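**Q**
Residue numbers (UniProt numbering): 1 to 782.
(1) Using a 10 Å radius around the Cβ and a threshold of 16 neighbouring Cβ atoms, would you call residue 763 buried or exposed?
(2) Which class does residue 710 belong to by DSSP, given the choice of helix, strand or coil?
(3) Can you tell me where the alpha helix (DSSP H) holding residue 96 begins and where it ends?
(4) Excluding the 5 residues preceding and the 5 following residue 486 in the sequence, name in chain order all residues of the same chain whose CB lies nearer than 6 Å to its CB.
(5) Which whole-angstrom value describes the C-beta separation of residue 144 and residue 194, a residue pair presumed to lie in contact below a C-beta threshold of 8 Å?
(6) Could you pull out every unbroken alpha helix (DSSP H) segment of at least 4 residues lying fully inside the stretch 581 to 655, listed in chain order?
(7) Closest to residue 674 by CA distance: which of 352, 696, 646, 344 is it?
(8) Short of 6 Å in beta carbon distance, which residues of its chain neighbour residue 696, apart from the five on each side in sequence? Order them along the chain.
(9) The alpha helix (DSSP H) with residue 770 in it runs from where to where?
(10) Taking just the CA atoms, how far does residue 717 sit from residue 726?
(11) For residue 128 and chain C, any beta-carbon pair shorter than 9 Å?
(12) Compute the Euclidean distance between the alpha carbons of residue 779 and residue 629, then round it to the nearest angstrom.
(13) Are the Cβ atoms of residue 665 and residue 722 separated by less than 9 Å?
(14) Pop quiz: residue 114 and residue 68 are said to be a contact at Cβ under 8 Å. What is the actual Cβ separation, rounded to whole angstroms?
(15) Is the stretch 45 to 58 touching the stretch 92 to 106 in the sense that three or more CB pairs, one from each, lie closer than 8 Å?
(16) From the DSSP output, in three-state form, read off residue 250 for me.
(17) In whole angstroms, what separates the C-alpha of residue 669 from that of residue 99?
(18) Comparing alpha-carbon positions, which option in 46, 24, 34 lies nearest residue 12?
(19) For residue 500, which beta-bridge partners are listed by DSSP?
(20) Excluding the 5 residues flanking residue 617 on each side, which residues of the same chain have their C-beta closer than 8 Å to its C-beta?
(21) CB-CB under 7 Å to residue 239, same chain, minus the five flanking residues each way: which ones, in chain order?
(22) Taking all protein chains shown into account, do 16 or more other C-beta atoms lie within 10 angstroms of the C-beta of residue 42, making it buried, or fewer, making it exposed?
(23) Identify the continuous alpha helix (DSSP H) that holds residue 237 and give its terminal residues.
(24) By how many angstroms is the C-alpha of residue 363 removed from the C-alpha of residue 304?
(25) May I have the straight-line CA-CA distance separating residue 228 from residue 265, to the nearest angstrom?
(26) Just to confirm, is the Cβ distance from residue 435 to residue 481 under 9 Å?
(27) Thinking residue 772 and residue 703 are a contact (beta carbons under 8 Å), I'd like their distance in whole angstroms, please.
(28) Would a C-beta distance cut-off of 9 Å place residue 521 and residue 534 closer than the cut-off?
(29) Cβ atoms of residue 226 and residue 260: under 9 Å apart, would you say?
(30) Do residue 164 and residue 213 come within 9 Å of each other at the CB atom, strictly closer than that value?
(31) Quick one: using the 10 Å Cβ neighbour count with 16 as the cut-off for buried, is residue 671 buried or exposed?
(32) Less than 8 Å between C-beta atoms, sequence neighbours within five positions excluded: which residues of the same chain meet that for residue 568?
(33) Mind checking which residues open and close the alpha helix (DSSP H) that includes residue 137?
(34) Can you give the beta carbon distance from residue 798 to residue 262, rounded, assuming they're within the 8 Å contact cut?
(35) So, do the stretch 307 to 321 and the stretch 338 to 348 have three or more beta carbon pairs nearer to each other than 8 Å?
(36) Just to confirm the assignment, what range does the alpha helix (DSSP H) spanning residue 453 have?
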């Protein structure tokens, strides 16, 4: 078979070969360990291309396995050995002929030294060595021959047992991946027993693998072990395969999911929730993995069984797990776990609805429960409320016919939750690190965002907008910037659900929402961080065709412009900076059309222009940068020309380019480059059409002697842009003709003016661009 290298050039291939060949001779005195990692990254990137021709060249012509074997000799730098082991892993992973196991066959028949090293050093002294060996083992064990070799070694049980107890999290993770590789290569046919089946049976019998993982998950003395055990389950579930599901069912390792979800450690709870989410998303019968399986009727066909399994699972989670957690009214941690379970159900519920139609009746229950929880915590944490913003006071009613809805709708139950959540945590776990109401609100808002994206019609019919606005009015909850940010991120998502078939279902609600947002902007306590979050939410409004159109054309848009106009003169410079940046970003190419329309309609370009003379250098630089963005947008450029702003801007540049702050000078040069290269408007950078506001002397000082290297680079780029601009003018056949005609028609024609016009490149040579660039290239400092 002929192998032809197509994607890799001869020069690149030669460079790669030199790196590979010289790997065994890397000096031991290299102090920087990242050098070895860079070599690994470089070579593995080529291997990952899975190019059969390149793999053939490396194996046959370069004899890469001989090179790797030379890296494993006694006395070799362990860092080099580790690189060799991991490169071997990549070779096995991207074998060009995996069905023939060509690389593994070569290893087994011709390179026993490599295999011996792999076994021996999987429990070596250096953590990096152990990890590298497990990295290679995980990729090797996918082959039947490798599984048989491991069985024959008789050491696999002790190796796995030691790795699962390893102090290095990297080694532990690699060992878990090794186990997952065995699971994923087991036989589907129960009558066909493979080497991988035997290998797993050996681990189950000799080291009681199930019990070992369970011990890790329940080790109350080690948070690390509990997280590691759950990490292994997450790896098994993330494969989303029948083999992984079967392992989870037989091992019964996640039957105690409620215990790990209620763990005192936030990390353990978070990882347990990740596993639960994967189980719900990828398993046809999740209850069989959770240990709550309800046996289906014998008369059910396959489709109905899958459907009923999902319904049974959602029923159990809502009316058993979530209900029991919320019923623990004295535990905010339990309420938080209940909220996260509801969030974990949203995506699987959507998938089930799409695939089978199962679980559609649970959407309203989950949404209303989330809103019920938010309302309870918001009112229980109520502090001072801004009278200018909306506050939702109507009691949320949980929808549904199950036990959860019945319990939560009982008179006085929500008040009980409010009272208990308001109480101070008692001594013990709660006082050491109890779950604050704000964390629960964050999880609930995350769930509300997911519901808005997946079930917009359900959210549109709810009071979700009112609940979110009510949180924004709660200065106690929103004193935490995380809650404030989550609210402002959720608000556009929820509001967009009110848009249907190109129409806003409730314009009055949008007006009330914007009144609340403007109230937040005008609030005296609104600092720069808060304002940035508010402006991000407004930018999201502009991205929606309907909401953006209302903002651009209605009175609420004028109110927004007035509010931001006040902020442009705020005492804090970073507040002014945020407003300028917001207006400029509306003109980013591909940005919201209605944002541009609003800015032009409400004279926002003029507002930015006034900030060119701001006393704060950061604001001046932001204003110049904003104009650069605006000039790149055709609508922005036309808007500038209508107001004569391009000439007024050029009149400001001579003083700004001499600013004492380097970042202002950088911004000016970027704007000048934009004018020349993007808009071909270099003429406005001249005074009276002939004299540059930056002469050759000043340009030389800017390019060669400026204290800021970034300014010097941009000055060179400006000179290059001038040259390109001049050449472009010369290419226009009518340029010189029109220039001569203008001279003849002039009322003030001098004798010297009757000469043919100069070539357009005179500008480049007048600023001595050629001399400056040559000098800059010779200066060793640059």
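Cβ atoms here follow ideal geometry from the backbone N, Cα and C, with glycine treated the same way. All of these numbers come straight from a predicted model, not from anything done at the bench.
**A** In short:
(1) Counting from 1 along the chain shown, the entry for residue 763 is found at position 763. That one is buried.
(2) Against the chain shown, residue 710 aligns to sequence position 710. Reduced to three states, the DSSP call for residue 710 is helix.
(3) Here residue 96 is taken as the residue at index 96 of the chain shown, counted from 1. Note, residue 96: premise wrong, no alpha helix (DSSP H); not H, not E.
(4) As a working mapping, residue 486 is identified with position 486 in the chain shown. Within its own chain, the residues whose Cβ lies closer than 6 Å to the Cβ of residue 486, once the five positions on either side in sequence are excluded, are 442, 445, listed in chain order.
(5) The residue you call residue 144 lines up with position 144 of the chain shown. The residue you call residue 194 lines up with position 194 of the chain shown. Rounded to whole angstroms, the Cβ separation of residue 144 and residue 194 is 7 Å, and the two are in contact under 8 Å.
(6) Within the stretch 581 to 655, complete alpha helix (DSSP H) segments of at least 4 residues are found at 593 to 601, 604 to 610, 617 to 632, 634 to 642, given in chain order.
(7) Residue numbering aside, residue 674 sits at position 674 when the chain shown is read from its first letter. Nearest option by C-alpha distance: 646.
(8) On the chain shown, position 696 is the one that residue 696 refers to. These residues qualify, in order along the chain: 767, 768.
(9) Taking the first residue of the chain shown as position 1, residue 770 is located at position 770. 769 to 778 is the extent of the alpha helix (DSSP H) around residue 770.
(10) Numbered from 1 along the chain shown, position 726 holds the residue referred to as residue 726. Numbered from 1 along the chain shown, position 717 holds the residue referred to as residue 717. Approximately 14 Å, taken between the alpha carbons.
(11) Protein chain content of the structure displayed is limited to a single chain, and chain C is not contained in it.
(12) Numbered from 1 along the chain shown, position 779 holds the residue referred to as residue 779. Numbered from 1 along the chain shown, position 629 holds the residue referred to as residue 629. Whole-angstrom Cα-Cα distance: 33 Å.
(13) Reading the chain shown from its first residue, position 665 is the one you call residue 665. Reading the chain shown from its first residue, position 722 is the one you call residue 722. No, Cβ-Cβ distance for residue 665 and residue 722 is not below 9 Å.
(14) Looking up residue 114 in the chain shown gives position 114. Looking up residue 68 in the chain shown gives position 68. Contact between residue 114 and residue 68 holds: their C-beta atoms lie close to 7 Å from each other, under 8 Å.
(15) Segments in contact, yes.
(16) As a working note, residue 250 is residue 250 in the chain shown. Residue state, collapsed to three classes: helix.
(17) As a first step, residue 669 must be located in the chain shown, where it is residue number 669. As a first step, residue 99 must be located in the chain shown, where it is residue number 99. Straight-line Cα distance between these residues: approximately 59 Å.
(18) Taking the first residue of the chain shown as 1, we reach residue 12 at position 12. Comparing C-alpha distances from residue 12 to each of 46, 24, 34 shows the shortest one belongs to 46.
(19) By one-based count along the chain shown, residue 500 stands at place 500. Bridge partners of residue 500: 503.
(20) Counting from 1 along the chain shown, the entry for residue 617 is found at position 617. If we look at residue 617 and ignore the five residues flanking it on each side, its Cβ neighbours are 659, 660, 661, 663, 664.
(21) By 1-based counting over the chain shown, the position of residue 239 is 239. Excluding residues within five positions, the ones whose Cβ falls inside 7 Å are 180, 184.
(22) As a first step, residue 42 is located in the chain shown; it is residue number 42 there, counting from the start. By the 16-neighbour rule on beta-carbons within 10 angstroms, residue 42 is exposed.
(23) Here residue 237 corresponds to residue number 237 of the chain shown, with the count starting at 1. 223 to 238 is the extent of the alpha helix (DSSP H) around residue 237.
(24) Here residue 304 corresponds to residue number 304 of the chain shown, with the count starting at 1. Here residue 363 corresponds to residue number 363 of the chain shown, with the count starting at 1. Low per-residue confidence applies at residue 304: pLDDT is 44, beneath 50, and the placement is therefore not dependable, though the value from the model is reported in the following sentence. Each residue's CA atom was taken as its position, placing residue 304 and residue 363 some 20 Å apart.
(25) The sequence position of residue 228 within the chain shown is 228, counting from 1. The sequence position of residue 265 within the chain shown is 265, counting from 1. Computed Cα separation, rounded: 13 Å.
(26) By one-based count along the chain shown, residue 435 stands at place 435. By one-based count along the chain shown, residue 481 stands at place 481. It is not a contact, given that the beta carbons lie outside the stated cut-off.
(27) Stepping through the chain shown from its first residue, residue 772 is reached at position 772. Stepping through the chain shown from its first residue, residue 703 is reached at position 703. About 5 Å; that satisfies the 8 Å criterion.
(28) For this step, residue 521 is matched to residue 521 along the chain shown. For this step, residue 534 is matched to residue 534 along the chain shown. At the C-beta level, residue 521 and residue 534 come within 9 Å of one another.
(29) Taking the chain shown and counting its residues from 1, one reaches residue 260 at position 260. Taking the chain shown and counting its residues from 1, one reaches residue 226 at position 226. Yes; because the gap between Cβ atoms is below 9 Å, this pair is in contact.
(30) For the purposes of this step, residue 213 is taken as residue 213 along the chain shown, with counting starting at 1. For the purposes of this step, residue 164 is taken as residue 164 along the chain shown, with counting starting at 1. Cβ distance < 9 Å, so residue 213 and residue 164 count as in contact.
(31) Numbered from 1 along the chain shown, position 671 holds the residue referred to as residue 671. So residue 671 counts as buried.
(32) For the purposes of this step, residue 568 is taken as residue 568 along the chain shown, with counting starting at 1. For residue 568, same chain residues with a beta-carbon under 8 Å away, outside a window of 5 residues either side, are 576, 579, 580, 607, 610, 611 in chain order.
(33) In the chain shown, counting from the first residue as 1, residue 137 sits at position 137. Element bounds for residue 137: 127 to 140.
(34) Here the chain covers residues 1 to 782 and nothing more, so residue 798 does not appear.
(35) Touching, yes.
(36) Walking along the chain shown from the start, residue 453 turns up at place 453. Note, residue 453: alpha helix (DSSP H), 437 to 454.
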